[in-house]
Amino acid sequence: MNLSRRNLLKLAAAILSVSACDKPDNSRHSFNKPDKETSMQSKFIKHQGATLHYQIGGTETAPVIVLLHGGFGSIADFAPLLPRLQQHYRVIAIDTRGHGRSTLGTAALTYAQAAEDARQILRHEGVEKYSLFGFSDGGTTVYRLGAADKNIEKIITVGAEWHKKHLDGVRPMFETINLDFVKENLPEQLAAYQAANPEPDAAKWAAALKAMWLDEGASGYPNENIRQIQAPVLAIRGEADFLFAFDDWAALKTELPEVHLMNVPFAAHEAIKEQPEIVWAAVRAFQVA
Numbered sequence: 659m660n661l662s663r664r665n666l667l668k669l670a671a672a673i674l675s676v677s678a679c680d681k682p683d684n685s686r687h688s689f690n691k692p693d694k695e696t697s698m699q700s701k702f703i704k705h706q707g708a709t710l711h712y713q714i715g716g717t718e719t720a721p722v723i724v725l726l727h728g729g730f731g732s733i734a735d736f737a738p739l740l741p742r743l744q745q746h747y748r749v750i751a752i753d754t755r756g757h758g759r760s761t762l763g764t765a766a767l768t769y770a771q772a773a774e775d776a777r778q779i780l781r782h783e784g785v786e787k788y789s790l791f792g793f794s795d796g797g798t799t800v801y802r803l804g805a806a807d808k809n810i811e812k813i814i815t816v817g818a819e820w821h822k823k824h825l826d827g828v829r830p831m832f833e834t835i836n837l838d839f840v841k842e843n844l845p846e847q848l849a850a851y852q853a854a855n856p857e858p859d860a861a862k863w864a865a866a867l868k869a870m871w872l873d874e875g876a877s878g879y880p881n882e883n884i885r886q887i888q889a890p891v892l893a894i895r896g897e898a899d900f901l902f903a904f905d906d907w908a909a910l911k912t913e914l915p916e917v918h919l920m921n922v923p924f925a926a927h928e929a930i931k932e933q934p935e936i937v938w939a940a941v942r943a944f945q946v947a
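Numbering (our numbering), first residue to last: 659 to 947.
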């Protein structure tokens, strides 16, 4: 498969919001203006060669919800929803190793490692019962956590692949990921990473993500292991998400018969940013069901 420049740019836009249309317009949406301001406290722990950054905030006595962001992103991926989440939950938002303010460390970046990093943070905080909310790569990690851990109350994913078979359609695109690609197509994400990360190395960053996305081994996608998930699941997809095919999303119903599926109109990969009102309404309905 030969990739045109158009397809490369399309990939970049789908991974993270490159174009202005992906960014929430606060002037139009009063949704993004919380009733009251809440704050998040930054914390750090060292684990398996990395310094992991996470933030805690929200309502002290409310149920815990853990946020896991997407590739080339950070905790900021959840910015359109964070004010509302803080009003209803005790929020723990994690920067994946090598992202945001978390260092890459010495352990390889894999979905299995990201899951273990999250577990370590939760152990450190003494959290036993919690819900999970994962976007894109974070959602894939959430599925791994859900399949292995039985103390999870509910699971929400947005644009999250779960099976290695999806690589058949995107492998040629993923194989183009390198430093030059990031510089050319993700300049805003690169600038944010270099400004925030204590040990920025964009070449390693890109290579680590490429390896994680192409990992077909035991440390990669959860595959049929998602059948082990016991918690209720809400799987959200933007109707124009070309990174998460409709058939892959619909197949979750076979693997998880009780799953709730939502295909968000007028949204692509980043439904959280493109249609936050719709996503939030679904999240709240699911959480109180």
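Just so it is clear, CB atoms sit at the ideal spot from N, CA and C, and this is done for glycine as well.
Problem - Asp795, buried or exposed, once every other Cβ within 10 Å from all chains shown has been counted against 16 - result: In the sequence shown, counting from the first residue as 1, residue 795 sits at position 137. Counting Cβ neighbours within 10 Å, Asp795 comes out buried, since at least 16 surround it.
Practice task
Could you tell me whether the stretch 812-823 touches the stretch 778-793, where touching means 3 or more Cβ pairs closer than 8 angstroms?
Solution key: The answer is yes - the stretch 778-793 touches the stretch 812-823, with three or more Cβ pairs under 8 angstroms.
Practice task
Please confirm whether Ile750 and Gly804 have their CB atoms less than 7 angstroms apart.
Solution key: What you label residue 750 is simply residue 92 of the sequence shown in a count that begins at 1. What you label residue 804 is simply residue 146 of the sequence shown in a count that begins at 1. Taking a C-beta distance under 7 angstroms as the contact criterion, Ile750 and Gly804 do not qualify as a contact pair.
Practice task
Tell me Ala943's beta-bridge partners as DSSP assigns them.
Solution key: Translated into positions along the sequence shown, residue 943 becomes position 285. For Ala943, which the question treats as bridged, DSSP gives no partner whatsoever.
Exercise for the section: Out of Gln744, Tyr747, Arg748 and His727, point me to the one whose CA is closest to Arg755's CA. Expected result: Against the sequence shown, residue 755 aligns to sequence position 97. The shortest Cα separation from Arg755 among Gln744, Tyr747, Arg748 and His727 belongs to His727.
Practice task
Just mark Thr761 as buried or exposed, buried being the case when its beta carbon has 16 or more other beta carbons within 10 Å.
Solution key: Locating residue 761 in the sequence shown gives position 103, where the first residue counts as 1. That one is buried.
Handout entry: Delimiting residues of the beta strand (DSSP E) encompassing Glu857
Key = The count along the sequence shown starts at 1 and reaches residue 857 at position 199. Segment: none, Glu857 is in no beta strand (DSSP E) and carries neither H nor E.
Exercise for the section: Determine the burial state of Ile930: buried for a count of at least 16 other Cβ atoms within 10 Å of its Cβ, exposed for fewer. Expected result: As a working mapping, residue 930 is identified with position 272 in the sequence shown. Counting Cβ neighbours within 10 Å, Ile930 comes out buried, since at least 16 surround it.
Problem - Ile887 - DSSP class collapsed to helix/strand/coil - result: Taking the first residue of the sequence shown as position 1, residue 887 is located at position 229. Reduced to three states, the DSSP call for Ile887 is coil.
Handout entry: Entirely enclosed alpha helix (DSSP H) segments - the stretch 717-786, minimum 4 residues
Key = Those alpha helix (DSSP H) runs which fall completely within the stretch 717-786 and span 4+ residues are 740-746 and 769-783.
Problem - Proximity to Lys812 [Cα-Cα], best of Val917, Thr912 and Pro856 - result: Counting from 1 along the sequence shown, the entry for residue 812 is found at position 154. For the options Val917, Thr912 and Pro856, the alpha carbon positioned closest to that of Lys812 is the one of Val917.
Problem - C-alpha gap between Asp683 and Glu932, whole angstroms - result: Here residue 683 refers to the residue found at position 25 of the sequence shown. Here residue 932 refers to the residue found at position 274 of the sequence shown. Here the model assigns Asp683 a pLDDT of 40, short of 50, so the residue's position is not dependable, and the following value carries that caveat. Cα-Cα distance, rounded: 9 angstroms.
Exercise for the section: Return yes when the Cβ of Ala926 is within less than 7 angstroms of the Cβ of Ala898, no when it is not. Expected result: On the sequence shown, residue 898 is found 240 positions in, with the first residue counted as 1. On the sequence shown, residue 926 is found 268 positions in, with the first residue counted as 1. Their beta carbons are under 7 angstroms apart, which means Ala898 touches Ala926 by this criterion.
Exercise for the section: Return the residue from the list Gly707, Pro858 and Leu725 that minimises the CA-CA distance to Ala627. Expected result: Residue coverage of the chain in this structure runs from 659 to 947, which leaves residue 627 outside it and unanswerable.
Handout entry: Rounded distance between the beta-carbons of Pro934 and Pro738, thought under 8 angstroms
Key = Locating residue 738 in the sequence shown gives position 80, where the first residue counts as 1. Locating residue 934 in the sequence shown gives position 276, where the first residue counts as 1. Rounded to whole angstroms, the Cβ separation of Pro738 and Pro934 is 4 angstroms, and the two are in contact under 8 angstroms.
Exercise for the section: Reducing DSSP to helix, strand and coil, say where Phe904 ends up. Expected result: Position 246 of the sequence shown, counted from the first residue, corresponds to residue 904. In this structure, Phe904 counts as helix in the three-state DSSP scheme.
Handout entry: Residues near Pro923 in its chain [Cβ-Cβ closer than 8 angstroms; skip 5 each side]
Key = Indexing the sequence shown from 1 puts residue 923 at position 265. Cβ within range, chain order: Glu897, Gln933 and Ile936.
Problem - Backbone secondary structure at Gln610 - three-state DSSP - result: Outside the displayed range of the chain (659 to 947) lies residue 610, so it cannot be described from this structure.
Handout entry: Thr709 (DSSP reduced to helix, strand or coil)
Key = Counting from 1 along the sequence shown, the entry for residue 709 is found at position 51. Thr709 carries a strand assignment under DSSP once its states are collapsed to helix, strand and coil.
Practice task
Give the DSSP-derived three-state secondary structure of Val917 in the structure shown.
Solution key: Numbered from 1 along the sequence shown, position 259 holds the residue referred to as residue 917. If DSSP states are grouped into helix, strand and coil, Val917 belongs with coil.
Exercise for the section: Please classify Lys868: does DSSP put it in a helix, a strand, or coil? Expected result: If you number the sequence shown from 1, residue 868 lands on position 210. In the structure shown, Lys868 sits in a helix (DSSP, three-state: H, G or I).
Problem - For Gly758, the nearest candidate out of Asn836, Lys701, Asp807 and Ala909 (CA to CA) - result: One-based indexing of the sequence shown puts residue 758 at position 100. The option with the nearest alpha carbon to Gly758 is Lys701.
Handout entry: Contacts around Arg802, its chain only, beta-carbon distance under 6 angstroms, and the 5 residues preceding and following it disregarded
Key = For the purposes of this step, residue 802 is taken as the residue at position 144 of the sequence shown. Tyr769, Ala773 and Pro880.
Exercise for the section: From the DSSP output, read off the bridge partner residues of Thr798. Expected result: On the sequence shown, residue 798 is found 140 positions in, with the first residue counted as 1. Thr798 is not bridged to any residue.
Handout entry: Residue environment, Thr864, which counts as buried when at least 16 other CB atoms sit within 10 Å
Key = Here residue 864 refers to the residue found at position 206 of the sequence shown. Per the sequence presented here, residue 864 reads as Ala, with Thr not at that position. A residue is called buried once 16 or more other Cβ atoms fall within 10 Å of its Cβ, and Ala864 is buried on that count.
Problem - Minimum Cβ-Cβ distance from Glu932 to chain D less than 7 angstroms - result: As a matter of chain content, chain D is missing from the structure shown, which is built from one protein chain.
Handout entry: Phe832 - containing alpha helix (DSSP H), residue span
Key = For this step, residue 832 is matched to residue 174 along the sequence shown. If you look at Phe832, you'll find it in the alpha helix (DSSP H) that goes Leu825 to Phe832.
Exercise for the section: Select from Pro741, Asp859, Ile810 and Ala765 the residue whose C-alpha is nearest the C-alpha of Lys787. Expected result: Position 129 of the sequence shown, counting from 1, holds the residue named residue 787. Closest option to Lys787, Cα to Cα, is Ile810.
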